[in-house]
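J.: Can you keep this structure in mind? I'll have questions shortly.
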Amino acid sequence: MSENTEEEKEAFLDFIQEGQDRCSFICDYLEKGGVKSSVLHINGKKHILINFPKECYNGYFRIKTIIAHYDRVPQSPGANDNSFAVFTLMKWAIRLNQSMREHNIRLIFTDGEEISSAAEKKEGQKSILEEQGAFDLAGVFKRLGITGDDVFVFDCMGRGCVPVLGNPFILEKAQSSFKKRYNELQERAKEILSKASPSAWLNLPVSLSDNAGFIASGIPAVVITMLPQEEASKYMFNLVKYPPLEAYVTNKSIPTGCDTKTLLSLLPKTWIFLHSPYDNAESITWESQNVFINILNVIRDLKLIFL
Numbered sequence: 001m002s003e004n005t006e007e008e009k010e011a012f013l014d015f016i017q018e019g020q021d022r023c024s025f026i027c028d029y030l031e032k033g034g035v036k037s038s039v040l041h042i043n044g045k046k047h048i049l050i051n052f053p054k055e056c057y058n059g060y061f062r063i064k065t066i067i068a069h070y071d072r073v074p075q076s077p078g079a080n081d082n083s084f085a086v087f088t089l090m091k092w093a094i095r096l097n098q099s100m101r102e103h104n105i106r107l108i109f110t111d112g113e114e115i116s117s118a119a120e121k122k123e124g125q126k127s128i129l130e131e132q133g134a135f136d137l138a139g140v141f142k143r144l145g146i147t148g149d150d151v152f153v154f155d156c157m158g159r160g161c162v163p164v165l166g167n168p169f170i171l172e173k174a175q176s177s178f179k180k181r182y183n184e185l186q187e188r189a190k191e192i193l194s195k196a197s198p199s200a201w202l203n204l205p206v207s208l209s210d211n212a213g214f215i216a217s218g219i220p221a222v223v224i225t226m227l228p229q230e231e232a233s234k235y236m237f238n239l240v241k242y243p244p245l246e247a248y249v250t251n252k253s254i255p256t257g258c259d260t261k262t263l264l265s266l267l268p269k270t271w272i273f274l275h276s277p278y279d280n281a282e283s284i285t286w287e288s289q290n291v292f293i294n295i296l297n298v299i300r301d302l303k304l305i306f307l
């Protein structure tokens with residue numbers, strides 16, 4: 001992939017500026033690149049669906065759905081969470097559209113991923129998973145009978161060059177048929193990362209993203225993120241040294257007898273930056289984009305027969 005131009009980097013800075021209408025920015029950026037999109041209004045959220053030409057789809061093969069949330073926490077630039085992934089996907093979508101090749105990609109930028117992190121849970125309210133915009137979007141998928149996709153969620157792809165596949169997350173009451181499909185998707189994701197980044201990728205506990213909303217709706221989905229090598233190695237060591245860390249990361253709850261300050265000190269610096277002013281353009285490593293594009297291209301080239 002070619003280096004990012006100064007014009008592209010300026011566009012990224014414009015995207016993350018305070019007060020930016022991010023939905024309009026995405027639609028306008030895509031339109032200027034020749035890509036059509038539609039805004040899906042679902043329960044107060046605005047999801048953006050990319051409208052690739054029908055010639056790009058072959059009915060003999062499974063659709064591969066790629067998800068990335070574009071909303072961000074207030075008072076944070078959200079450069080890594082999740083602007084970098086969205087910006088990269090917009091550029092990739094333009095090139096994919098220009099190629100006019102069969103790819104069976106469904107690409108959606110979601111709204112409302114961060115809403116549950118900003119709201120205090122009160123009795124009688126929806127669960128955290130049900131608050132996600134992705135939960136309602138997945139509900140629409142189910143009503144339309146779209147349940148056989150491979151759903152890949154990308155979140156925080158802008159720091160480092162080590163892809164991290166989130167450890168399996170399945171609801172306790174999930175049916176065995178769902179668990180089977182979910183585990184198969186996890187294995188496919190491992191194969192994708194092995195091909196896209198053969199020398200460096202990991203399968204570790206990560207925080208929930210839009211994958212949680214899909215899983216809660218009965219649709220298997222995996223989440224992939226990125227970390228710098230040094231942070232990933234230290235995080236692996238800390239997980240072994242301090243087992244409660246995994247529960248804290250995956251459930252966002254503090255295990256009994258554990259101190260929040262201690263747990264936070266054991267997290268990768270990349271994750272400590274999130275939801276703060278430190279998640280800014282200076283924290284981004286642009287070389288992450290090459291690894292991300294490699295992953296996307298491997299997914300693009302997959303031909304998964306509908307069984």
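Residue numbers for the sequence shown follow my numbering, beginning at 1 and rising by one.
Every residue gets a Cβ at the ideal spot worked out from N, C-alpha and C, and that includes glycine.
All of these numbers come straight from a predicted model, not from anything done at the bench.
Got a sec, what are the start and stop residues for the alpha helix (DSSP H) leucine 245 sits in?
T.: Within the sequence shown, numbered from 1, the residue matching residue 245 stands at position 245. Its alpha helix (DSSP H) spans residues 244–251.
J.: Phenylalanine 273 by DSSP, collapsed to three states: which one?
T.: Position 273 of the sequence shown, counted from the start, is the residue given in the question as residue 273. If DSSP states are grouped into helix, strand and coil, phenylalanine 273 belongs with the helices.
J.: Could you name the residues of the same chain whose beta carbon sits closer than 6 Å to that of proline 244, not counting the 5 residues immediately before and after it, in chain order?
T.: On the sequence shown, position 244 is the one that residue 244 refers to. Only Pro255, Cys258 meet the Cβ criterion.
J.: Taking the alpha-carbon positions, what's the lysine 303 to phenylalanine 61 distance?
T.: Position 303 of the sequence shown, counting from 1, holds the residue named residue 303. Position 61 of the sequence shown, counting from 1, holds the residue named residue 61. If I take the Cα positions, the gap works out to 6 Å.
J.: Write down every uninterrupted run of the alpha helix (DSSP H) in the segment 71–154 whose length is 4 residues or greater and which is fully enclosed by it, in chain order.
T.: As far as the segment 71–154 is concerned, its whole alpha helix (DSSP H) runs of at least 4 residues are 84–99, 115–118, 128–131, 133–143.
J.: If we require 3 or more residues per run, which beta strand (DSSP E) segments fall completely within the segment 163–231?
T.: Those beta strand (DSSP E) runs which fall completely within the segment 163–231 and span 3+ residues are 202–204, 221–227.
J.: Measure the Cβ-Cβ separation of isoleucine 295 and alanine 196 and say whether it is below 8 Å.
T.: The sequence position of residue 295 within the sequence shown is 295, counting from 1. The sequence position of residue 196 within the sequence shown is 196, counting from 1. For isoleucine 295 and alanine 196, yes; Cβs fall inside 8 Å.
J.: If you reduce the DSSP assignment to three classes, tell me which class lysine 303 lands in.
T.: The sequence position of residue 303 within the sequence shown is 303, counting from 1. Note: lysine 303 maps to coil in three-state DSSP.
J.: What residue range does the beta strand (DSSP E) around leucine 40 cover?
T.: Sequence index remark: in the sequence shown, residue 40 carries index 40 (1-based). 36–42 is the extent of the beta strand (DSSP E) around leucine 40.
J.: Helix, strand or coil for lysine 16, going by three-state DSSP, please let me know.
T.: Along the sequence shown, one-based indexing puts residue 16 at 16. Residue identity check: residue 16 is isoleucine in the sequence provided, not lysine. In this structure, isoleucine 16 counts as helix in the three-state DSSP scheme.
J.: What is the DSSP secondary structure of threonine 260, reduced to helix, strand or coil?
T.: For the purposes of this step, residue 260 is taken as residue 260 along the sequence shown, with counting starting at 1. It is helical.
J.: Quick check: the segment 97–111 against the segment 20–39, are at least 3 beta-carbon pairs closer than 8 Å?
T.: Touching, yes.
J.: Let me confirm a value: glycine 112 is counted as buried when at least 16 other C-beta atoms fall within 10 Å, else exposed. Which label applies?
T.: By 1-based counting over the sequence shown, the position of residue 112 is 112. By the 10 Å Cβ count, glycine 112 comes out buried.
J.: Short of 6 Å in beta carbon distance, which residues of its chain neighbour asparagine 280, apart from the five on each side in sequence? Order them along the chain.
T.: Taking the sequence shown and counting its residues from 1, the one referred to as residue 280 is at position 280. Here the set comprises Pro77, Ala79.
J.: Looking at the structure shown, is leucine 296 part of a helix, part of a strand, or coil, going by DSSP?
T.: Taking the sequence shown and counting its residues from 1, one reaches residue 296 at position 296. Here leucine 296 sits in helix by DSSP.
J.: What does the alpha-carbon distance come out to for the pair tyrosine 278 and threonine 65?
T.: Here residue 278 is taken as the residue at index 278 of the sequence shown, counted from 1. Here residue 65 is taken as the residue at index 65 of the sequence shown, counted from 1. So the two alpha carbons sit approximately 31 Å from each other.
J.: Can you name the start and end residues of the alpha helix (DSSP H) that leucine 30 belongs to?
T.: Residue mapping note: residue 30 aligns to position 30 of the sequence shown, counting from 1. Looking at the DSSP string, the run of the alpha helix (DSSP H) that includes leucine 30 is 22–32.
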